[in-house]
Amino acid sequence: MQTLSKPDESRLWADIEALSAITLPDRPWTRRPFTPLYAQGRAWLKREMKSLGLEVSQDAASNLIGRLPGANPSLPPLMIGSHTDTVTGGGRFDGIAGVIVGLEIVRMISESGIVLDHPLEIVDFTAEEPTDFGVSTVGSRGMVGNLSDTMLGSKDPEGRILSECIAGAGGSPERINDSSRRSGSVAVYLELHIEQGPVLIQAGLPLAVVTGIVGIGRYQITVTGQPDHAGTTPMTMRRDALTAAGELFVKLESICRESYSAPVVGTVGVVNVSPNAANVVPGEVTFRLEVRSVDPALIDTVCERYLSEARRMIESRGLAIRIEELTRSEPVNVSDLILDTLQSNCERTVGKGTEVPRIPSGAGHDGNQLSRIAPIGMIFVPSLGGRSHCPEEWTDIGPIALGAEALARALLELDKKL
Ligand SMILES: [Zn+2]
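Shown next as structure tokens:
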């Protein structure tokens, strides 16, 4: 078997610079989906894919796909992907690092004279980040048949309809459900992504194998007291909804800080106070909380315990509480075969003496959707300062190149195993 050539750091870096430079000039690094800039970024990517000899197409959900034929055309494709949209003011690496590593892997394979048995598809998934339509991972949802008519019909604040935007981006929204890929039609889905958290950078390590993607339980809680004059109502006679809710914020933190069999994180990220005036005792507080873990049973246990404590605490103050479940997404777990293959190839790549930790992904990815039809695997590279979704987002090219090498090696192994 031919030896696989090494990734070229300067080539990888030039690609990251070229694509990330396509940004709103006054709000770096921004490339929102369904905008002219997004189309410009994709035009660049399409040219790169063609120059590598890939067959370029867009599916019904407007995902941009570059395909390298395999020796055995009857086999389902191996897939490497990520996304080229960003959050507003978001970073230079989130998403595009994974797509560009996909291109580099195609170059490494071609330069080495290797012909894969399976076809290989490099995918830029449409609109992975949360959109103004209230839907995220739009393209990967569409690819696996999980983009409902309600989602397709949703409007953004400017009144644009998601299905029309998908059509404008080169998709055929009316064909999405009929043409979606079925279980088994993709051999494996692999993605390199920046960690977006502090674990690798603090440990001084270049690569991690992702064990799974956390599930999320989200709730909305409304605490109702009574709005009264902030000057004339004695402290003993108040029914302050905000001080009561404040206790609940701290309670979520303390429950999630306990130690469990897998990591658990809990956050209150939205708070609305009514009437929100300096001279009125708050009469009503509505807040949203979420709990994340890779273990679905832990999400249940933590949420149930928290919600029953919350009820007890509010009732003991004589206030009213209303709890609504907003959404619930199940965790994705990576199979042992994929974990072991990624682990051994990461270890071979980084060399003896450098640990390759296994960590869960606390953020959602296109892999959530792909896991509905295929085994998935992910590699993380370090985020400087653990920062992401901000202009300061940074990952050195060294670990990105190591990640490309490890992923390419794992791909060659899986080409034979699957
Ligand atoms: Zn991302």
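So for the sequence shown, numbering that gives the first Met the number 0 puts the first residue at 0; every next one is plus one.
Even for Gly, the Cβ is constructed at its ideal location relative to N, Cα and C.
Positions of the beta strand (DSSP E) runs, each at least 3 residues long and wholly inside the region 235-322, are given as 264-273, 283-292 in order along the chain. Less than 8 Å divides the Cβ of Ile-64 from the Cβ of Glu-120. Residue range 77-82 is occupied by the beta strand (DSSP E) that includes Ser-81.
With 16 or more other Cβ atoms from the protein chains shown falling within 10 Å of its own Cβ, Ser-61 counts as buried. Taking C-beta separations shorter than 6 Å and ignoring five residues to either side along the sequence, the partners of Thr-221 in its chain run Thr-285, Arg-321, following chain order. For His-192, the Cβ falls inside the 7 Å cut-off from some heavy atom of ligand 1. The DSSP assignment places 95-110, 137-142, 148-151, 161-167 as complete runs of the alpha helix (DSSP H) inside the region 81-168, in order along the chain (cut-off: 4 residues). In the DSSP assignment, Asp-227 is bridged to Val-280. The region 290-300 and the region 206-220 touch, with three or more beta-carbon pairs separated by less than 8 Å. Taking a 10 Å sphere around the C-beta of Gly-268, we find fewer than 16 other C-beta atoms and assign the residue as exposed.
In terms of Cβ geometry, Asp-123 and Thr-83 form a close pair [threshold 8 Å]. In chain order, Gly-385 place their CB closer than 8 Å to the CB of Gln-201, counting only its own chain and leaving out the 5 sequence neighbours on each side.
A Cβ-Cβ distance of about 5 Å is found for the pair Val-280 and Ala-229, placing them in contact under the 8 Å criterion.
With fewer than 16 other Cβ atoms inside 10 Å of its own Cβ, Gln-1 counts as exposed. Considering only Met-312, Thr-326, Ser-258, Gly-282, the residue with the shortest C-alpha distance to Glu-289 is Thr-326. When beta bridges are read from the DSSP output, Ala-207 appears opposite Phe-379. Non-local beta-carbon contacts of Cys-345 in its own chain, meaning distances under 7 Å to residues more than five positions away in sequence, involve Leu-206, Val-208, Val-355, Ile-378, Ala-405 in chain order.
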